[in-house]
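Asks: In case it helps, the numbering used here puts the sequence shown at residues 622 to 673. Quick reminder that beta carbons are idealized off the backbone N, C-alpha and C, glycines included. Every value quoted in this text rests on a predicted model; they were computed, and no experiment measured them.
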Amino acid sequence: MKILKKPAKSAREKKKKKKKKLFLKFSSQIEQIKIKNPRQSASPAQTVGLKK
């Protein structure tokens with residue numbers, strides 16, 4: 622982790638936005654996977670694995 626000498630709020634807001642985008646991207650992918658293969662639903666562990 623890099624500690625940047627910036628106002629904490631702006632950095633945090635950026636991170637939140639980035640996370641939201643990533644989350645939306647992956648959640649849509651997971652939905653597609655669920656649709657393709659309903660028996661194999663995505664578990665929280667799998668989603669965490671995708672995010673890293």
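1) Please state the DSSP three-state secondary structure of Lys-637.
2) For Lys-626, name the three-state secondary structure that DSSP assigns.
3) When the Cα atoms are used, what is the spatial distance from Ser-649 to Lys-640?
Replies: Here's the rundown:
1) The DSSP-derived three-state label of Lys-637 is helix.
2) coil
3) 14 angstroms
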